[in-house]
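Following: one structure in structure tokens, then a few remarks.
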Amino acid sequence: MPHITLKNDEIISQVIIVPYYIHLRADGILYVRITPEKEETVELLKITVAKIGEMVNYKKVPLLLNHENSTMPGKAIREYWAKKESNPYSKADAFMINSDILRLVGNFYLKVNKPERPTKMFTDEQEAIKWLSVFI
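Our numbering puts the last residue of the sequence shown at 138; the count rises by one with no breaks.
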């Protein structure tokens, strides 16, 4: 599955902190594309979350996250991200699942890491956006 295509008029602001490509959409959903360009680390994630805070004026917004090319979040990332305090700007997390291995990791994340924010896995972008719209 390629990354989600956004039109310029759908984007309010954007920032890149490789491997994170972050877009604040006009509908209030924050879209985060994670690429395999660089390995995710907790330290890099903390820097990214600080930048997200600036982007959303330190308010909570729903997040649509897409690990591009089946990029796998490591154990430390999953454990950290599951905690509510890891991202105080997220109302809910919708993860796009684009491979069987990501489906397994996603199910493991939900059952073992037990995220402290509303979290769901999706294969359909429009269904994910529909679910996140409840949190706007």
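The beta carbon of each residue, even a glycine, is placed where N, CA and C say it ideally should be.
Start-to-end residues for the beta strand (DSSP E) that takes in residue i
i	result
Met123	Thr121 to Phe124
For residue i: DSSP bridge partner residues
i	result
Asp95	Leu65 and Thr121
Ile13	Arg27
Run of the alpha helix (DSSP H) containing residue i, from where it starts to where it stops
i	result
Glu129	Glu127 to Ser135
Asn109	Asp102 to Phe110
C-beta atoms of residue i and residue j nearer than 8 angstroms
i	j	result
Leu47	Tyr23	no
Glu39	Val20	yes
Asn109	Ala84	no
Leu65	Asp95	yes
Tyr33	Val58	no
Ile31	Val51	no
Leu140	Thr121	Since the first residue shown for the chain is 3 and the last is 138, residue 140 is missing from the structure and cannot be characterised.
Ile79	Glu118	no
Ser72	Leu104	yes
Exposure of residue i, with buried meaning 16 or more beta-carbon neighbours within 10 Å
i	result
Arg35	buried
Lys93	buried
Pro4	Because Pro4 carries a pLDDT of 43, less than 50, the predicted location of this residue cannot be relied on, and the following value inherits that uncertainty. Counting Cβ neighbours within 10 Å, Pro4 comes out exposed, since fewer than 16 surround it.
Thr125	exposed
Arg27	buried
Ile99	buried
Ile13	exposed
Ile54	buried
C-beta neighbour in chain D for residue i, strict 8 angstroms
i	result
Lys116	Note that chain D does not occur in the displayed structure, where there is just one protein chain.
Complete runs of the beta strand (DSSP E) confined to the region 18 to 83 [at least 3 residues]: 22 to 27, 32 to 36 and 63 to 69
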